[in-house]
Amino acid sequence: MNRIQLPIFQLDDIQVSYGKNNVLKIGNFKFHRGTIYGIVGTVGSGKTTLLNLLRGEINPNEGSVLYEDNPFERSFFGKVKPIPEIIFFGDYPSNSKLSVKDKISSVLPERSVQIRKKYYSSSQYSASWDTPINKQSPGQVKRMEMIIGAESDPKILMIDNYGNYFDSQMKREMNQKFKQNAKKRGTTIILTTTDIERVRHVSSVLIFLDNGHISKIRSLAKQ
7 MNRIQLPIFQ
17 LDDIQVSYGK
27 NNVLKIGNFK
37 FHRGTIYGIV
47 GTVGSGKTTL
57 LNLLRGEINP
67 NEGSVLYEDN
77 PFERSFFGKV
87 KPIPEIIFFG
97 DYPSNSKLSV
107 KDKISSVLPE
117 RSVQIRKKYY
127 SSSQYSASWD
137 TPINKQSPGQ
147 VKRMEMIIGA
157 ESDPKILMID
167 NYGNYFDSQM
177 KREMNQKFKQ
187 NAKKRGTTII
197 LTTTDIERVR
207 HVSSVLIFLD
217 NGHISKIRSL
227 AKQ
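Counting in this note's numbering, the sequence shown runs from 7 upward without gaps.
(1) N67 lies in the beta strand (DSSP E); which residues open and close that run?
(2) How long is the line joining the alpha carbons of V86 and P66, rounded to whole angstroms?
(3) In this structure, what does DSSP give as the bridge partners for S225?
(4) I need the straight-line Cα distance from T193 to E179, nearest angstrom please.
(5) So that I know if they touch, is there some Cβ in chain C lying closer than 7 Å to that of Q16?
(6) For I196, which residues from the same chain have a beta carbon less than 6 Å from its beta carbon, with the 5 sequence-adjacent residues on both sides left out?
(7) Cα separation between I213 and V46?
(8) Going by alpha carbons, who is nearest to G62 out of L17, N181, S105 and E151?
(9) What three-state label does DSSP hand G145 in the structure shown?
(10) Is it true that the segment 207–225 meets the segment 30–40, where meeting means three or more beta-carbon pairs spaced less than 8 Å apart?
The structure is reproduced here in structure tokens:
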């Protein structure tokens, strides 16, 4: 099979339990390249657990996870080796004392000038560039994280609780960028949310989680 056609992730008969509590149970599902997935569910439905499973932070009690048709690579002690082509952002924004300029320069030194021009040249955002991250609003910090995620050109970008701190302009800006990344770069983007409206207009596939089960899958027309 052509490598491009291989799923980026394949789940087979997955079960994740904590004690007697089953938090995730998925029979079979494949995540494909260049697709934006919106995972929708209430608090406690298994969204974050699924992301942690896909990035190798936790192991299933039963079943298997394949990444590019292979099990995760593990260290001598059995821990999944870091996967640099996967970028993950959790629910809580960074609280670093670095400025946005210093943070972006440390992560993407060759693109810092272009990123400033593209995202921080307007009067609305120019002051953020030299301001410490821990002095900015949660929305500004999440915007910075999304910019880093999009401009790092990962194979996979995972964002937990997408859009929690966004206003309408920020949501449009990030949605457009993510669509471009998926279409032109083949990035697989996986977004979770409790509110379908935050992902409806950016996702090409919606996955609904209910008590750890996939209750519904909806393919959307390409945007």
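By construction, the Cβ of each residue, glycine as well, lies at the ideal position given by its N, Cα and C atoms. On a predicted model such as this, the values are computed, not experimentally measured, just so you know.
In this structure, then:
(1) Per DSSP, N67 belongs to no beta strand (DSSP E) and is neither H nor E.
(2) 13 Å
(3) V211
(4) 17 Å
(5) In summary, chain C is missing from the structure at hand, where a single protein chain is found.
(6) Y43 and M164
(7) 6 Å
(8) L17
(9) helix
(10) yes
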